[in-house]
Amino acid sequence: MVRPFDVQAIETKWQDRWLHEGTYEVDNDDPRERYYALCMYPYPSGAAHQGHIRNYTFGDLIVRYQTMRGKAVLSPFGFDSFGLPAENAAIKAGSHPRIFTEARMAELRRSVERLGAVYDWRRLVVSHDPDYIKYSQTIFLAFLEAGLAYRAEAPVNWCPGCATVLANEQVLADGTCERSGDLVQRRNLEQWFFRITAYADELLHDLDALAWPERVKAMQRNWIGRSEGVEFDLTFAHDANRAIRVFTTRPDTGYGITYAVVAPEHPLLAALTTDAQRSEVEALVERATSASEIERTSSSDSGPGLSKRGAFTGSYVVNPFTGDPVPVYVADYVLGNYGTGAIMAVPGEDERDFAFARTYQLPVVATVERPPGFGDGAYVGDGAHINSGFLDGLGVADAKKAASAFLVERAHGVATVNYRLRDWLVSRQRFWGCPIPIVYCDHCGIVAVPLDELPVLAPDDVIMESSGQSPLATHAAFRDTTCPRCGEPARRETDTMDTFTDSSWYFLRYADPFTDGRPFDPEQVAKWMPVDQYIGGIEHAILHLLYARFYVKALVDIGLADGVNREPFARLFTQGMIRLDGSKMSKSKGNLISPERYFDRVGADALRVFHLFVGPPADNVDWTDQTEDVIDGCARFLDRVHRLATDAALVHRPDDPSVDVPLRRVVHHTIDRVTSDIDRWSFNTAVAALMELLNATAKWAREYGVAREVLNEAIDTLLKLLAPMAPHLSAELWEIRHPGEPSVHAQPWPTSDPHLTTEQLAVMVVQVNGKVRARLEVSPTIDDDDARDLALADPTIRTWIGDGEPTRVVVRAPRLVNVIV
RNA sequence: GCCCGGAUGGCGGAAUCGGCAGACGCGGAGGCCUCAAAAGCCUUUACUCGAGAGGGUGUGUGGGUUCAAGUCCCACUCCGGGCACCA
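Residue numbers for the first sequence follow the numbering used here, so the first one is 108 and each next one is one higher.
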C-alpha cells in the first residue's frame with residue numbers, strides 16, 4: 108500500500124521518544140489517582156503472534172486512555188520465562204534453556220515495542236531471574252511454615268516411553284502421552300502440595316463480588332464444586348463394630364440403598380473381601396490402579412449412564428433405614444480421593460448406580476414418585492417420596508432434612524460439605540523451573556533452606572536428558588549437601604515448582620519491584636492492588652486465575668501481604684482467539700499470520716485499529732481472505748485523518764452558526780460516544796464513531812466550508828480520541844499542529860459541552876398500525892398532547908387513517924406516535 | 001448428558017431501557033480525475049413488486065405477550081466453548 112506519509116519513520120520516532128523519555132514510568136509516590144492495568148505476562152515464545160498483538164492493543168488503549176483521564180497508570184511488563192518448551196528445545200539442541208528463553212524474550216519485547224505499547228520497563232519481572240526465584244522460594248517456605256505447603260504421597264502420570272512424569276496437560280484425552288503415544292500409568296510418588304482446599308469456601312464466595320465475565324466465574328464455581336450432604340456409617344453385617352463411612356447428597360433416598368460401593372483404593376477393602384471373591388477383587392483393583400486417573404475417568408466408554416466395571420467383595424453392610432443387609436462392591440466409578448471413597452448406592456435415583464445395577468443385576472427401588480410417562484432408569488427430579496417409611500409423602504428438600512436428622516441420630520451422621528477441588532500438586536520433575544528450597548536429612552527430616560541462603564539455584568551443567576527422575580537429581584554437586592540444622596550429610600529436593608506458582612504473584616512484585624529482602628513491601632503493593640483491569644485469554648479461566656486468587660489470600664493471611672486486597676483482580680476481561688480456517692492460530696499448529704509483515708506493510712497503528720475495529724473484543728476473530736482488505740481499510744482511515752489534519756487548502760470562512768453548530772454537535776456527541784464505548788469495552792463502535800466524525804468533518808469542510816475554530820476543534824478532538832488507538836500518528840499530527848506544546852498523550856481527555864449534546868430537534872416517528880409512515884421534526888420537549896395533534900394533522904398520516912377514527916393513539920413524545928385504526 | 005454463549009445483508013458487525021433494523025467498514029456496481037493505470041474522490045448497494053411515486057417482505061424455526069419484539073416468554077434446530085462417573 109502506498110501511504111501519504113512515512114509510517115516507519117513516524118512510528119520509530121515516537122517509540123524511541125516514549126522509551127527514552129520514560130513517558131509511562133510511574134513512581135509509587137505519584138500523587139494522582141491510581142490505576143493498575145495489566146495484561147497477563149506472557150510465556151516468551153519468540154516474536155509476538157496476533158493473539159499477543161490483540162492483547163497488548165487492548166491493554167495499551169486502556170493505559171493511554173486512563174493516563175489522559177488524569178490517572179497514574181501502572182503499566183508493567185514481564186515474562187513467565189520458566190517452562191517445558193524451552194527445556195525440550197534445549198535438550199534437542201544440546202544447549203541451555205536460558206539461552207533460548209532470553210533470545211525469545213528479546214524478540215517478544217521487540218514486537219511489543221514495534222506495536223507502540225508502552226510500559227514501565229524499570230519494573231520488568233522475569234520468572235527465571237535469581238532475584239525472583241529467591242522470593243518465589245521465600246513464599247514457598249512461608250507457606251510451609253504456615254502449614255499451607257505439605258508433602259504427601261500421590262498418584263502421578265507416568266509415561267513409560269519418556270521415562271518421566273507428565274503434567275496433566277501433557278496427557279491426551281485417551282490417556283496417552285502427547286509425545287510418545289504410550290499409555291500413561293499411575294505411580295505413587297512423594298510430592299509437594301499447596302493446601303488450596305483450605306480456601307475453597309472463600310474462593311467460591313468471593314467470586315460473587317468480582318466484575319468478571321459470568322462464564323469465567325461459572326467455570327471456577329464448577330471447578331471448586333461445592334456440595335452439601337451427610338457423612339454416615341454403613342455397619343458391617345457380620346461385625347457391628349465396624350463400618351464403612353459414606354458421603355451422600357441424597358440422604359432422602361436412603362430407603363433405596365440396595366448395595367454399597369468402595370473405591371479400589373479403599374483401606375477397608377481387604378477386610379471386606381472374602382476368600383472366595385479375592386481373586387476377582389484383586390483383578391479389578393489391579394486394572395483400575397494401573398490406569399491413570401485420566402484414563403480411568405474420561406476414557407470413551409465411561410461416563411454417567413454408561414457401563415461400569417466392578418466386583419462383589421463377598422461382604423454385606425446394613426441399610427440404616429430398612430435394617431436390610433446389602434452387598435458391598437468395589438468399582439472404579441467410585442473415586443478414592445473424593446468424599447470418603449465409598450458410597451451408598453441408590454440405583455432408583457442415581458444414573459451411575461442405575462447403570463451399575465443393570466450390569467450386575469442388582470435390585471432397583473424407586474423412592475421418589477415418577478412423573479407420568481417417565482420410563483425406565485434413574486429419576487433425579489423432585490417428587491413425593493414412596494417406599495420410604497417415615498419419609499413417605501415428603502418432597503425432596505423436606506425429606507433430606509428428615510433423613511439427615513435420622514442419620515445423625517442413628518448412624519453417626521454428620522452434615523458435611525465436600526469439594527471437587529483438590530490440593531494443588533506443585534512438584535515437577537523438570538529442570539527449567541524454580542527449585543523447591545528443601546533439604547532432606549536422615550536425622551532432622553524435612554528441613555527448610557535458611558532464608559539467607561536463598562535463592563537455591565540450579566547449576567548450569569545439568570544433563571537434562573530424562574532418565575526417569577528429575578534432571579537435578581543426577582547432579583551430585585547440587586543434590587548432595589549438608590543439613591542446615593545438624594550439619595550432617597543430606598540431600599536436596601531436586602524437583603522444581605509448577606510454573607503456575609510463578610504467575611501467582613508476579614503482579615504483586617510489579618507493584619514494588621525494587622524492594623530487597625522480602626518479596627515486596629505490602630504497604631506499597633496495597634496502594635496499587637487490586638488490579639483495576641486484568642486482560643488475558645480465556646484459556647486461563649480456571650488454573651492461573653484460581654491459583655493467583657489463592658496465593659493472594661494466603662499471602663495476606665501469613666503476613667507477607669498485610670493490607671493488600673484479598674482479591675487480586677477486580678475486573679477481568681477475556682479476549683477472543685484468533686482463528687484461521689476454524690482452528691486456533693498458534694505456533695504449535697504452524698498456522699501463524701505474523702504481525703511483523705503488517706508492521707512493515709501498513710504500520711502498527713493500522714494493525715491496532717484493525718484489532719479494535721474487527722469486532723467485539725470478547726469475540727473470536729476469523730482470519731479470512733477478507734481480513735487483509737479490512738486492514739487496508741483501517742490504514743486508509745488513518746490516511747484520511749492525516750490528510751484532513753494537514754490539508755492547508757481546507758475551506759475556511761467567517762462564522763456561520765447554521766453550519767458550525769451542527770458540526771460542533773457531531774464533535775461533542777462523538778466525545779460522549781467514544782468515552783462510553785471505551786468504558787464498556789466496545790472498541791469496534793468507538794472506532795466507527797471516529798470514522799463518522801472524520802467523514803462528517805471532511806464533508807462539512809468540503810461542501811460548506813467551516814469556521815477555522817470549529818475545524819480546529821473537530822480535528823484536535825479527533826486526534827485526542829484517536830490517541831489511545833493509533834498513538835504514533837496521533838502524536839505526530841498533534842506535534843505538527845501544536846509545535847512546542849505537550850504531546851497529545853499528555854492532553855486531558857476531552858469532555859463534551861452539554862449544550863451541544865442535548866438535542867435541539869428531535870425526529871419523531873409516526874406509525875400507523877406499527878408501520879412507519881412519517882417522520883416529523885419536533886422540539887425535544889414537546890408534550891404528549893402536542894405530539895399527538897401534530898401526528899394526526901400530518902397529511903400522509905391522514906391518508907393512511909382514511910375516513911375512520913383512530914381506535915387508539917400511543918404517544919411516546921418526542922420519539923414516537925403509533926396510530927391504531 | 002449437564003452448564004454457558006451465539007445465530008442479523010455477499011462478508012465482519014451496529015442497534016446501550018420493548019419504540020426508525022442494517023451504524024461503521026469490507027466486497028460489489030456506476031461515475032469523476034487520467035493518454036492509460038494506480039491512488040484518490042463522488043454516487044449507489046437487505047430482498048422484492050413497480051417506469052416512477054410508492055408498496056410488500058425481512059433479524060435461525062414454530063408459537064406467545066404487546067399499540068409496538070432482533071430485543072421479553074415458551075418450545076425447537078443448528079453452531080461455538082466449557083465440564084463430564086465428584087456420590
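Ideal Cβ positions, reconstructed from N, Cα and C, are used throughout, including at glycine. All figures in this text were calculated on a predicted structure; none of them were measured in a lab.
- Alanine 224 carries a coil assignment under DSSP once its states are collapsed to helix, strand and coil.
- Sorting Ala795, Ile778, Arg357 and Arg747 by C-alpha distance to the C-alpha of lysine 806 places Arg747 at the top.
- Taken through DSSP and simplified to helix, strand or coil, methionine 175 comes out as helix.
- Counting along the chain, leucine 745 sits inside no beta strand (DSSP E); it lies in the alpha helix (DSSP H) bounded by residues 734-753.
- The C-beta distance from glycine 223 to glutamine 122 rounds to 6 Å, short enough to meet the 8 Å contact threshold.
- Beta-carbon to beta-carbon, isoleucine 160 and leucine 714 are separated by about 7 Å, close enough to satisfy the 8 Å threshold.
- Spanning the alpha carbons of phenylalanine 428 and aspartate 346 requires a straight line of approximately 18 Å.
- Collapsing the DSSP output to three states places alanine 377 in a helix.
- When the beta-carbon positions are compared, valine 569 and histidine 582 come within less than 8 Å of each other.
- If you draw a 10 Å sphere on the C-beta of phenylalanine 481, you find fewer than 16 other C-beta atoms in it, and that means exposed.
- Rounded to whole angstroms, the Cβ separation of valine 773 and leucine 800 is 6 Å, and the two are in contact under 8 Å.
- Cβ-Cβ distances below 6 Å link asparagine 295 to Glu260 and Pro262 in the same chain, with the five nearest sequence neighbours on each side left out; the list follows chain order.
- Between serine 243 and threonine 681 a beta carbon distance of about 26 Å is seen, past the 8 Å cut, so the two are scored as non-contacting.
- By the C-beta density criterion, methionine 175 is buried, having at least 16 other C-beta atoms within 10 angstroms.
- Straight-line measurement puts the Cα of arginine 922 at about 14 Å from the Cα of threonine 865.
- Under the 8 Å Cβ criterion, the region 878-894 does not count as touching the region 821-840, having fewer than three qualifying pairs.
- Closest by C-alpha distance to threonine 824, out of Ala752, Gly520, Arg880 and Ala473, is Ala752.
- Following the DSSP letters along the chain, one finds valine 794 inside the alpha helix (DSSP H) bounded by residues 790-810.
- At least 8 Å separates the beta-carbon of glycine 254 from that of leucine 528.
- Per DSSP, the continuous beta strand (DSSP E) segment holding tryptophan 730 begins and ends at 728-730.
- At a Cβ-Cβ threshold of 8 Å, leucine 145 and proline 831 do not count as neighbours.
- Taken through DSSP and simplified to helix, strand or coil, arginine 302 comes out as coil.
- Relative to the Cα of asparagine 348, the nearest Cα in the group Val424, Met636, Trp299 and Val133 belongs to Val424.
- Inter-residue distance for alanine 200 and glutamate 572 is about 11 Å (C-alpha atoms, whole angstroms).
- Excluding sequence positions up to five before and after threonine 914, its CB lies within less than 8 Å of the CB of Ile927 and Val928, all in the same chain and listed in chain order.
- Per the coordinates, the alpha-carbon of histidine 776 lies some 8 Å from the alpha-carbon of leucine 863.
- Under a 10 Å Cβ-count criterion, cysteine 541 is classified as buried, with 16 or more other Cβ atoms of the shown protein chains found around its own Cβ.
- Taking a 10 Å sphere around the C-beta of phenylalanine 247, we find 16 or more other C-beta atoms and assign the residue as buried.
- Distances from the alpha-carbon of phenylalanine 165 to those of Met692, Pro724, Glu309 and Asp567 put Pro724 closest.
- The C-alpha of glycine 670 is placed about 7 Å away from the C-alpha of glutamate 630.
- By the Cβ rule, the region 457-474 does not count as touching the region 375-383, because fewer than three pairs are nearer than 8 Å.
- A buried status is given to isoleucine 785, since no fewer than 16 other beta-carbon atoms sit within 10 Å of its beta-carbon.
- Taking a C-beta distance under 8 Å as the contact criterion, arginine 357 and valine 453 qualify as a contact pair.
- Approximately 14 Å separates the beta-carbon atoms of aspartate 901 and valine 918; this is outside 8 Å, ruling out the contact.
- Its chain contains Ala193, Glu194, Ala197 and Trp539 as the residues whose beta carbon lies nearer than 6 Å to that of proline 204, once the 5 sequence neighbours on both sides are disregarded; these appear in chain order.
- Under the DSSP assignment, leucine 145 falls in the beta strand (DSSP E) whose first and last residues are 141-146.
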